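Trainee: One structure, pasted below without further comment.
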Ligand SMILES: [Zn+2]
Ligand SMILES: [Zn+2]
């Protein structure tokens, strides 16, 4: 089985045959059809998450995928050979207080594909049945690759904020920022503002959800007027804009990975009754909830618009080069 292998020293990918591992009880072998690139991968490659990486020399990245089940191990129920599936990046233990209480994303024992074990930028992936979801027949493999992470994380962040939103600021128009905009528009949010420096992503945000672009020159037009803000950029400068955009009682959701520390102005939080939410992964059940909204057409399936580029597995270096340049939306590897 061909895998893409990223070497931390050489900072380069190569293709290699790592062989097919034996399936343990409860595991399935998935023939990967599509595997998406994610901003988290760039942090892994840069070494920001080195303490969590399963092999310090090299890694098979990828945690947003779709595929077809090729083989099932013992004790696999509900899934069989030939099923079209997508999966969660997070492998929760299923036993702890959090898992049993509907907060699998809080599980202390969870593993993550493409970080704590080999990921999906490969021809095959071994996955426990607990991470699998059925891919509906009307959703293609490429768009389906966004369901288990990008879309579910954005949906979870919107649920974390909760309540009715009218004026929202999204910081950063990368794949997560674009997905938030797409979902918020579907949920009827009237005004969605975006702060994003890159012209390519500004244009995408305008096309996908009619984003109004905010820059330093027109920031006053939204200052202290937004009921919610979503930080997806990882820029400390924009964090400050997020707080300035919020009206009293406003809420800020943080979805970005930022290795740098940000000094929190607690007086501002207190005086203006602001709330800050961290968002990490999502509870398993929320995916099923989201899939129902999609199926009942309460949310339009515009996922395709978020994907701007696709590459073959062998062109993975080119794919990450483009992704790193930010002249793109979501980038997906197509696996033949
Ligand atoms: Zn991801
Ligand atoms: Zn657990």
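Numbering (my numbering), first residue to last: 35 to 370. Just so you know, even glycine gets a beta-carbon here, dropped at the ideal spot from N, CA and C. Just so we're clear, the structure is a prediction, and the values are computed from it rather than from any experiment.
For residue 139, is the classification buried or exposed, using 16 other Cβ atoms within 10 angstroms of its Cβ as the cut-off for buried?
Mentor: buried
Trainee: Nearest CA to the CA of residue 247: which residue from 261, 217 and 204?
Mentor: Closest option to residue 247, Cα to Cα, is 204.
Trainee: Throw me the rounded Cβ distance for the residue 212 and residue 291 pair, which I believe falls under 8 angstroms.
Mentor: Wrong, their Cβ atoms sit about 17 angstroms apart, outside the cutoff.
Trainee: Please check the pair residue 285 and residue 311, which I expect to be a contact at CB under 8 angstroms, by giving their CB distance rounded to whole angstroms.
Mentor: 7 angstroms
Trainee: Run through DSSP, which three-state label would residue 368 get?
Mentor: strand
Trainee: Grab the span of the alpha helix (DSSP H) containing residue 134 for me, first residue to last.
Mentor: 131-134
Trainee: At the level of alpha carbons, what is the spacing between residue 278 and residue 229?
Mentor: 13 angstroms
Trainee: Would residue 70 and residue 366 be called neighbours here (beta carbons separated by less than 7 angstroms)?
Mentor: Judged by beta-carbon spacing, residue 366 lies within the 7 angstroms limit of residue 70, meaning their Cβ atoms are closer than that value.
Trainee: Given a cut-off of 7 angstroms, decide if residue 243 and residue 283 are closer than it, judged by their beta-carbon atoms.
Mentor: Result no, Cβ atoms of residue 283 and residue 243 do not sit closer than 7 angstroms.
Trainee: Using 6 angstroms as the cut-off, classify the Cβ of residue 157 as near or not near the heavy atoms of ligand 1, replying yes or no.
Mentor: no
Trainee: So if DSSP puts residue 417 in a beta bridge, which residue, or which two residues, is it bridged to?
Mentor: This structure gives no information on residue 417, because the portion of the chain shown stretches from 35 to 370.
Trainee: Return yes when the C-beta of residue 59 is under 6 angstroms from any heavy atom of ligand 2, and no when it is not.
Mentor: Checking every heavy atom of ligand 2 against the Cβ of residue 59, none is found closer than 6 angstroms.
Trainee: Do you know offhand how far residue 117's Cα is from residue 274's?
Mentor: 46 angstroms
Trainee: Roughly how many angstroms lie between the CA atoms of residue 184 and residue 123, to the nearest whole one?
Mentor: Approximately 10 angstroms between the Cα atoms of the pair.
Trainee: Compute every distance between the C-beta of residue 74 and the non-hydrogen atoms of ligand 1, then say whether any falls below 6 angstroms.
Mentor: yes
Trainee: With H, G and I counted as helix, E and B as strand and the rest as coil, what does DSSP make of residue 85?
Mentor: helix
Trainee: Considering only C-alpha positions, which residue in the set 189, 250, 207 and 249 is nearest to residue 220?
Mentor: 189
Trainee: Any contact of the stretch 77-94 with the stretch 39-56, i.e. 3+ C-beta pairs under 8 angstroms?
Mentor: yes
Trainee: How is the alpha helix (DSSP H) around residue 74 delimited, first residue to last?
Mentor: 73-80
Trainee: Using alpha carbons as the reference points, say which of 260, 47 and 361 lies closest to residue 239.
Mentor: Selected option, being the one with the closest Cα: 361.
Trainee: Classify residue 290 as helix, strand or coil using the three-state DSSP reduction.
Mentor: coil
Trainee: Determine the contact status of residue 59 and residue 108, defining contact as a CB-CB distance below 7 angstroms.
Mentor: yes
Trainee: Tell me the DSSP secondary structure of residue 37 in three-state form.
Mentor: strand
Trainee: Measure the alpha-carbon distance for residue 142 versus residue 57 and round it to whole angstroms.
Mentor: 24 angstroms
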